[in-house]
Structure formats: C-alpha cells, structure tokens
Amino acid sequence: VIASPQARASRTDDGLAITLPRGPDLPASVQTVLYHRDPLGVSRRARDRYGPVFTLTSSLKGPLVFVAEPDAVQPLLRADPVSARAGAARRRILPQASSRSPFGADGDRHRAIREAVEPAFAPEVIAAARDEIARIAAAHVAGWPIELPFRLLPRLRTLATDVFVGVVLRVEAPRRRSALVAAIRRMLWTPGNPPLSPPAPDEGPLGPVVDRAFRRRTAAVARLLEAELVSRREPGDDLLGRVVAATSSVADAVDALLVVIAAAQEPPSIALTNVLYELARRPDWRERYLTDVQEREAIVAEALRLRPAVQAVLRELTAPVDVGGHRLQEGTLVALPAPLLQRDRAAFPAPDDFRPGRFAAGVPAGAPYFPFGGGVRRCVGEPLARMELTEILPSVLSRLRLRPAWPTPERMVVRATVLVPHRSGLMIAARR
Ligand code: HEM
1 VIASPQARAS RTDDGLAITL PRGPDLPASV QTVLYHRDPL GVSRRARDRY
51 GPVFTLTSSL KGPLVFVAEP DAVQPLLRAD PVSARAGAAR RRILPQASSR
101 SPFGADGDRH RAIREAVEPA FAPEVIAAAR DEIARIAAAH VAGWPIELPF
151 RLLPRLRTLA TDVFVGVVLR VEAPRRRSAL VAAIRRMLWT PGNPPLSPPA
201 PDEGPLGPVV DRAFRRRTAA VARLLEAELV SRREPGDDLL GRVVAATSSV
251 ADAVDALLVV IAAAQEPPSI ALTNVLYELA RRPDWRERYL TDVQEREAIV
301 AEALRLRPAV QAVLRELTAP VDVGGHRLQE GTLVALPAPL LQRDRAAFPA
351 PDDFRPGRFA AGVPAGAPYF PFGGGVRRCV GEPLARMELT EILPSVLSRL
401 RLRPAWPTPE RMVVRATVLV PHRSGLMIAA RR
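Quick note on our numbering: the sequence shown kicks off at 1 and runs consecutively.
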C-alpha cells in the first residue's frame, strides 16, 4: 500500500517533488483487483484526480508510476538503454521472462540477441510467407462454429500459433508441428481472467504453484524445440538457426526463445480479436473494410488505438527523470498506459468514438500512439504482426458475417500483462 505518498515528499532545489507521485490510498489488493477489472476506468479516474503522473500499487508488484503525459511518451520509449531498461521492467511484471531473451535482456546482451533474431522477422522474409499465412487462416476459419456463440480469442490464438510454428519456426513434419502448437497453447493457457500478473516463484502462496505449472509446461515446449533443432542437419538462417548460432547451447537457445514465442502469440491474437470485435459491432465499417482496401490500415489503427493489446509499455529508470513536475528516482518502474494515452483528448478529439478517418493521413503528428512501443525496444515482431492482420482479417471477414453475442460492449480487462475483451470476444458467425 502506498500510505499517503505525499507524507514522504521532499523537494529538489528547483521545486520538484522527489517521492512517488500521488495515487489512490486503497489497499494494494483492492487496487489490483479494480485495475485488472477495469484498467481504463481506474486509470482515467486516477488521472482526473491526481494529474497525468500518478502511482497505482499492485499487491504483488508494488508501486507502478503511470505517466499519461503525451510529451513524455517518446522520451520514455527511447530512454532504454541510456536512462532506463525495458528488460528489467518487464521481468518485474513477468518474472518468467528470461534475462537472456530479447524480451527480458538489457544492455549488450539485449543488443546481441536482438541482432540475432531481428532478420528472421525482416519485412522481406515475412512477405515471402504471405500466401502461407492466408492458407493457414482459411483452413482454420473453415472450422469455426456457425450460428453458435463462440469466443474469438482462443480460436485466434490457435491460428496465430499455427502460423508461428509453420512460418517462423518452420516446423514442417505434420506430427511435430501439431505437437508443438498444442504444447505452446498449453504453456500459455490462462484460465478465465485472473486478476493478477503472474507471481515470481518466491512471491506469495501462489508463486511456487505457478512456477511448478509453468516449468512443466515450458519443459514440454523445450523438449519439442530441442527435438526439432537436433533433427536439422544445418542450423539454417531462420529464427531457430539464428538463436542457436547466437547462444552457447541448445538449452540456452530454448531459454532465449520461450518468451519470444509467448510474445508472438498473445498480442497478435488479441489484436486480431479486437479488430474483429470492433468491426462486428459496426456492420457498416465491417463492410467498408471489405470493399475499400485503401481504408483498411486506418480501420486497424483505430481499433488498436481504442483497444491496445498491451496495457502499457514499461521502463525501469536507471537515472532520475523529470516528468510532469515530478522527479522520478532511479529504480522507479514506469508505465506508459496505452489505453489512457491513446484516448488523449487533444490528440484524438472525441477519443471514445470509432473514427478511422483520424488515421487517413497516417498517425497524427505528435500523437501518443504506440501500439508496438518504440526506441531500441520496439516490437521486433511487428512485420509478422502486420502481415497477420493484413492476411487473417480479410480471410475471416470475407467468409463470415460476425456479430457480438452480447448486446453491451465487452470491457477491456487485464489478463496477466495483456488487455483482452472480458468475454474474449463472444461472437456468433453466419456464412456469407
Ligand atoms: C499485433 C501484435 C503485436 C503487438 C501489438 C505487439 C506489441 C509489442 C509492444 C508494445 C512491445 C514493447 C515495446 C517497447 O517496450 O517499446 C513489444 C515487444 C516485443 N514483441 Fe511484440 N507485439 C506484437 C506482435 C509480436 C510478434 C508477432 C512477435 C514475434 C516474435 C513479437 C515479439 C516481441 C518481442 C521479442 C518484443 C521485445 C523486443 C525488445 O525488447 O527488443 N511481438 N511488442
């Protein structure tokens, strides 16, 4: 609990407060549950009450400073590696992320592993997989239920995993491929909407339980990846080959890869769910998406603005940073809250309305819009994610007419570290 943060405030010579910015005085457990149930509502109310820089406290993770100041977005995104670290910040929220992976590493280690994996996601490499992605999508969509309620998110997760295993990991043998898809799905399985970020092994009573389950599930993925690596005579120039060449053992390669695999499943399947969900609610835009190819990019940008897949971009400060009248100290865990910033009134008038026209000429200059983060930690999988959106959305929309199964809009909720619609996009589909 941050009991009255102001009580610990002191000031620098130039009048900056050097304590945690103010935030709700509720017990951390209550803040955690409220925030996970309604991240947009809670952070909006906190900003209205305490200003654009405020502190929310999680029962497991401690204080997190939210910076909803549009001018601070680019400097903070780019603060890694000079005055902030992204890997350490992410590991505080997701302790399962290895410090050897591109997601969890920092400094030189991050640079080296990122350089190794990035070419596997180069736009020209991904472009070569366009038809294969469309083919996989068509095969999945053909099996979706018709005129029966179903949740979009789990369907799109399986589809995204199938794409990743086939196109990026290039596992061709059908048995090995379906075993790996199933093992990845089990590793990332999240029942319901748990109101907590995953605990570290030593965090609370749940820590050891989650740790054991996660180890068991990751071991299955690791075994299949190792078998795949061993079966290849040459390491190859794809993701697996590149990571093996950059690490000292197959076990290290698998360790570096597991969180990349996780990062490659959840955000894209959520982004696909969110765009389809927003279009299902608006039949006129759904039809426009199909008929006006020029408008597609703006429609997707607007859906990702209203419903970002990732709740916040995180940085842990390695030097003091001044923002919004506060001096944030070294070690502070800073979050750039995407749902709040991407609804900034000045940059996006009528911020809750769905208006793809605002992106007609690209992202408005200076707008706090960062679905893929920024700086040297910008999403390495963006070309793949964009190709999935480009190929999978038309594949679904041209075959099915989707409508929400529930009349009221689904709220965004936090699941682990991502944002999902609270019923996982409950839909009914009709054939076109
Ligand atoms: C629509 C889908 C996706 C969204 C919205 C998304 C979003 C993000 C965001 C916001 C970050 C943090 C950036 C930052 O801290 O500045 C990130 C990082 C990352 N993403 Fe994605 N992502 C998506 C798809 C993917 C895919 C398909 C992969 C496949 C490998 C991937 C792999 C990663 C990795 C490895 C990082 C860490 C990069 C680093 O720190 O160097 N993501 N992503």
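Even for Gly, the Cβ is constructed at its ideal location relative to N, Cα and C. If you're wondering where the values come from, they're calculated on a predicted model, not measured in any experiment.
Say yes only if the C-beta of G373 is nearer than 7 Å to one or more non-hydrogen atoms of the ligand HEM, and no if none qualify.
On the sequence shown, residue 373 is found 373 positions in, with the first residue counted as 1. Because some heavy atom of the ligand HEM lies under 7 Å away, the Cβ of G373 counts as near it: yes.
Report buried or exposed for S248, applying the criterion of at least 16 other Cβ atoms within 10 angstroms of its Cβ.
Stepping through the sequence shown from its first residue, residue 248 is reached at position 248. Looking at its Cβ environment, which holds fewer than 16 other Cβ atoms inside 10 Å, S248 is exposed.
Is the separation between the beta-carbon of A312 and that of A347 shorter than 8 Å?
The sequence position of residue 312 within the sequence shown is 312, counting from 1. The sequence position of residue 347 within the sequence shown is 347, counting from 1. No, the pair does not count as a contact, with Cβ atoms beyond the cut-off.
Taking 7 Å as the cut-off, is the C-beta of D359 nearer than that to any heavy atom in the ligand HEM?
Taking the first residue of the sequence shown as 1, we reach residue 359 at position 359. Checking the sequence shown, residue 359 turns out to be Phe, not Asp. Flag unset: Cβ of F359 not near the ligand HEM.
Does the Cβ of A385 lie closer than 7 Å to at least one heavy atom of the ligand ADP?
This structure simply doesn't include the ligand ADP; it includes the ligand HEM instead.
Please give me, in chain order, every unbroken run of the alpha helix (DSSP H) with length at least 4 that falls completely inside the region 151-207.
Every unbroken stretch of the alpha helix (DSSP H) spanning 4 or more residues and falling wholly within the region 151-207 is given here in chain order: 152-163 and 174-187.
Cα-Cα, which of D252, D353, P308 and S395 is closest to R282?
Residue 282 sits at position 282 when you count from the first residue of the sequence shown. Residue D353 is the option with its Cα nearest to R282.
Helix, strand or coil: which one does DSSP assign to T332?
Residue mapping note: residue 332 aligns to position 332 of the sequence shown, counting from 1. T332: coil per DSSP, three-state reduction.
Starting from I519, follow the alpha helix (DSSP H) in both directions and report where the run begins and ends.
Since the displayed the chain opens at 1 and closes at 432, residue 519 lies outside it and no answer follows.
Look up H422 in the DSSP assignment and say whether it is helix, strand or coil.
By one-based count along the sequence shown, residue 422 stands at place 422. Here H422 sits in coil by DSSP.
Report all residues from its chain with a CB closer than 6 Å to the CB of A3; omit the five preceding and five following residues, and keep chain order.
Along the sequence shown, one-based indexing puts residue 3 at 3. Residue placement at A3 is flagged as unreliable, the pLDDT there being 36, under the threshold of 50; a coordinate-derived value is accordingly withheld.
If you draw a straight line from the C-alpha of R157 to the C-alpha of L60, how long is it?
Here the question's residue 157 lines up with position 157 in the sequence shown. Here the question's residue 60 lines up with position 60 in the sequence shown. Per the coordinates, the alpha-carbon of R157 lies some 27 Å from the alpha-carbon of L60.
Below 8 Å on the Cβ atoms is my guess for A271 versus A385; work out the distance and round it to an integer in Å.
Taking the sequence shown and counting its residues from 1, one reaches residue 271 at position 271. Taking the sequence shown and counting its residues from 1, one reaches residue 385 at position 385. Separation of the CB atoms of A271 and A385 is rounded to 7 Å, and the pair is thereby assigned contact status at 8 Å.
Based on Cα-Cα distance, which residue from P205, A262, F164 and V181 lies nearest to I133?
Mapped onto the sequence shown, residue 133 falls at position 133. Comparing Cα positions, the closest option is F164.
What separation, rounded to the nearest whole angstrom, lies between the Cα atoms of A127 and Q31?
Looking up residue 127 in the sequence shown gives position 127. Looking up residue 31 in the sequence shown gives position 31. A127 and Q31: Cα-Cα distance of roughly 44 Å.
Reference R37, options A416, A200 and R403, closest by Cα:
By one-based count along the sequence shown, residue 37 stands at place 37. The option with the nearest alpha carbon to R37 is A416.
Give the secondary structure of I428 by DSSP, where H, G and I count as helix, E and B as strand, and everything else as coil.
Numbered from its first residue, the sequence shown carries residue 428 at position 428. Shown here, I428 sits in a strand according to DSSP, grouped into three states.
DSSP three-state label for V30, please.
Looking up residue 30 in the sequence shown gives position 30. In the structure shown, V30 adopts helical secondary structure according to DSSP, grouped into three states.
If I follow the unbroken alpha helix (DSSP H) through A72, where does it start and stop?
Here residue 72 is taken as the residue at index 72 of the sequence shown, counted from 1. Where A72 is concerned, the enclosing alpha helix (DSSP H) starts and stops at P70 to L77.
Exposure label - S178; buried when at least 16 CB within 10 Å:
Mapped onto the sequence shown, residue 178 falls at position 178. Within 10 angstroms of the beta-carbon of S178 lie fewer than 16 other beta-carbons, which makes it exposed.
Answer with buried or exposed for L206, where buried requires no fewer than 16 other C-beta atoms within 10 angstroms of its C-beta.
For this step, residue 206 is matched to residue 206 along the sequence shown. With fewer than 16 Cβ atoms within 10 Å of its Cβ, L206 is classed as exposed.
Which residues in the same chain have their Cβ closer than 8 Å to the Cβ of T273, if we skip the five residues on either side of it in sequence?
Reading the sequence shown from its first residue, position 273 is the one you call residue 273. Excluding residues up to 5 positions away in sequence, L152, L153, L156, V420, P421, S424 and G425 lie with their Cβ nearer than 8 Å to the Cβ of T273 in the same chain.
Would you kindly work out how many angstroms separate the C-alpha atoms of P5 and T332, rounded to a whole number?
Residue mapping note: residue 5 aligns to position 5 of the sequence shown, counting from 1. Residue mapping note: residue 332 aligns to position 332 of the sequence shown, counting from 1. Note that P5 scores a pLDDT of 43, beneath 50, so its modelled location is shaky and nothing firm can be said.
Taking G143 as the reference, which of V413, V396 and H326 has the closest Cα?
For the purposes of this step, residue 143 is taken as residue 143 along the sequence shown, with counting starting at 1. Nearest C-alpha to G143: V396.
CB of E330 within 8 Å of CB of A303, strictly:
Within the sequence shown, residue 330 is the residue found at index 330, counting from 1. Within the sequence shown, residue 303 is the residue found at index 303, counting from 1. Cβ atoms of E330 and A303: not closer than 8 Å.
So I184 and Q265 are supposed to be a Cβ contact under 8 Å. How far apart are they, rounded?
As a position in the sequence shown, residue 184 is number 184, starting the count at 1. As a position in the sequence shown, residue 265 is number 265, starting the count at 1. With a beta-carbon spacing of about 7 Å, I184 and Q265 fall inside the 8 Å limit used to define contacts.
Look at the Cβ atom of L224, then the Cβ atom of R186, and state whether they are nearer than 8 Å.
Locating residue 224 in the sequence shown gives position 224, counting from the first residue. Locating residue 186 in the sequence shown gives position 186, counting from the first residue. Against a cut-off of 8 Å, the Cβ pair of R186 and L224 comes out as no contact.
Evaluate the contact criterion for the region 283-290 versus the region 228-245: three or more CB pairs, one atom per stretch, below 8 Å.
Inter-segment contact for the region 283-290 and the region 228-245 is absent: fewer than three beta-carbon pairs are separated by less than 8 Å.
Excluding sequence positions up to five away, which residues of its chain have a Cβ less than 7 Å from the Cβ of A7?
Here residue 7 corresponds to residue number 7 of the sequence shown, with the count starting at 1. Below a pLDDT of 50, predicted positions are generally treated as unreliable, and A7, at 35, falls in that range; the measurement from the model is reported next regardless. The answer is none, since no qualifying residue turns up.
Secondary structure of R286, DSSP reduced to three states:
Here residue 286 corresponds to residue number 286 of the sequence shown, with the count starting at 1. R286 sits in a helix when the DSSP states are folded into three classes.
Which of helix, strand or coil does DSSP assign to G62?
By one-based count along the sequence shown, residue 62 stands at place 62. In the structure shown, G62 falls within a strand segment according to DSSP collapsed to helix, strand and coil.
Is it true that the CB of P371 sits closer than 8 Å to the CB of L308?
Taking the first residue of the sequence shown as position 1, residue 308 is located at position 308. Taking the first residue of the sequence shown as position 1, residue 371 is located at position 371. Inspection of the sequence shows that residue 308 is occupied by Pro rather than by Leu. In this structure, P371 lies closer than 8 Å to P308 by Cβ.
Mark V73 as exposed unless 16 or more other C-beta atoms lie within 10 angstroms of its C-beta, in which case mark it buried.
Along the sequence shown, read from residue 1 onward, the residue named residue 73 stands at position 73. Taking all protein chains in view, the Cβ of V73 is crowded by 16 or more other Cβ atoms within 10 Å, so the residue is classified as buried.
Taking P81 as the reference, which of R432, A319, L393 and E388 has the closest Cα?
For the purposes of this step, residue 81 is identified with residue 81 of the sequence shown, where counting begins at 1. In terms of Cα proximity to P81, the closest of R432, A319, L393 and E388 is A319.
Are the CB atoms of R345 and L76 within a distance shorter than 8 Å?
The count along the sequence shown starts at 1 and reaches residue 76 at position 76. The count along the sequence shown starts at 1 and reaches residue 345 at position 345. Their beta carbons are not under 8 Å apart, which means L76 does not touch R345 by this criterion.
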